[in-house]
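Asker: Once you've had a glance at the structure underneath, I'll fire off some questions.
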Amino acid sequence: MVLRPIRMRDQRAWREVNRRNREWLRPWEATVPPAPPGHLIQRPTFRQMVRHLRGEANAGRMLPFVIEYQGQLAGQLTVAGLTWGSMCSAHIGYWVDEAVAGRGVMPTAVALAVDHCFRYVGLHRIEVCIRPENAPSRRVVEKLGFREEGLRPRYLHIDGAWRDHLVFALTAEEIPEGLLSRWHQARPGTPQK
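Pasting the structure below:
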């Protein structure tokens, strides 16, 4: 499994995986609320999306990644909302190909991203906000030991409406051994380094 920056040349694979998973991801993917009268909002093209993600990364506000599993693009993970100063925090959003769900791909990707953010980027806190109904995504953070902090009512526009989200978080002090190490220790049969 590899977590790496998103690239323009990922377009074909990204579109194919996203297309195959459209219905599976629809209940969980953010949507844009209806435009005010007289305004037209268009969904960005892949190239526009990558340009935006790269611009945000270059500005120090985001870390956009794709997830590769067995050499194939299998999802996306974005560390966003990087806040510095006295907060030093961010939040993580992700999606994975249904074909590889349940194989430990997403917990591994989240663990890699959190370790990178805590050890090399210098963040102190990471949040993951999940719709209460999204049991597979909740299992990801529960497996990794994120602490549930509460409910954010009508937090994000998803699938055509403002949806409540549960907040899960970790701070750097909670995982001095690293999250990937914790995840490997928790999984039976995982080779130790």
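The sequence shown maps to residues 1 to 193 in full-length UniProt numbering.
Beta carbons are placed, not taken as given, at the ideal position from N, Cα and C, and that holds for glycine.
1. Once you ignore the five residues that flank Glu177 on each side, which residues in its own chain have a CB closer than 6 angstroms to its CB?
2. Across which residues does DSSP place Gln76 in a beta bridge pair?
3. Report the rounded CA-to-CA distance for residue 234 versus Ala99, giving the unit in angstroms.
4. So Arg182 and His165 are supposed to be a Cβ contact under 8 angstroms. How far apart are they, rounded?
5. Quick one: measure Cβ to Cβ for Met1 and Ala109, integer angstroms, because I've assumed they're closer than 8 angstroms.
6. Within a Cβ cutoff of 8 angstroms, which residues of the same chain sit near Met87, ignoring the five residues on either side of it in sequence?
7. Mind checking which residues open and close the alpha helix (DSSP H) that includes Asp115?
8. What do you get for Val32, buried or exposed, if any count of 16 or more other CB atoms within 10 angstroms of its CB means buried?
9. What do you get for Pro107, buried or exposed, if any count of 16 or more other CB atoms within 10 angstroms of its CB means buried?
10. Quick one: residues in its chain with C-beta nearer than 7 angstroms to the C-beta of Ala59, no 5 flanking neighbours on either side, listed in chain order?
Answerer: Reading off the structure:
1. In the sequence shown, residue 177 corresponds to position 177, counting from 1. Here the set comprises nothing.
2. Position 76 of the sequence shown, counting from 1, holds the residue named residue 76. Answer is Val66, Trp95, bridged to Gln76.
3. This structure does not reach residue 234, given that the chain is present from 1 up to 193, and the question cannot be answered.
4. Counting from one through the sequence shown, the residue named residue 182 turns up at place 182. Counting from one through the sequence shown, the residue named residue 165 turns up at place 165. Arg182 to His165, Cβ: 24 angstroms. No contact.
5. Counting from 1 along the sequence shown, the entry for residue 1 is found at position 1. Counting from 1 along the sequence shown, the entry for residue 109 is found at position 109. Yes, they are in contact, since the Cβ atoms of Met1 and Ala109 sit about 7 angstroms apart, within 8 angstroms.
6. Residue mapping note: residue 87 aligns to position 87 of the sequence shown, counting from 1. Once the five neighbours on either side are set aside, the close Cβ partners of Met87 are His124, Arg125.
7. Counting from 1 along the sequence shown, the entry for residue 115 is found at position 115. First-last of the alpha helix (DSSP H) with Asp115: 105-116.
8. The residue labelled residue 32 in the question sits at position 32 within the sequence shown. By the 10 Å Cβ count, Val32 comes out exposed.
9. The residue you call residue 107 lines up with position 107 of the sequence shown. Buried: at least 16 other Cβ atoms inside 10 Å.
10. Position 59 of the sequence shown, counted from the start, is the residue given in the question as residue 59. Apart from sequence neighbours up to five positions away, no residue of its chain approaches Ala59 with a beta-carbon distance below 7 angstroms.
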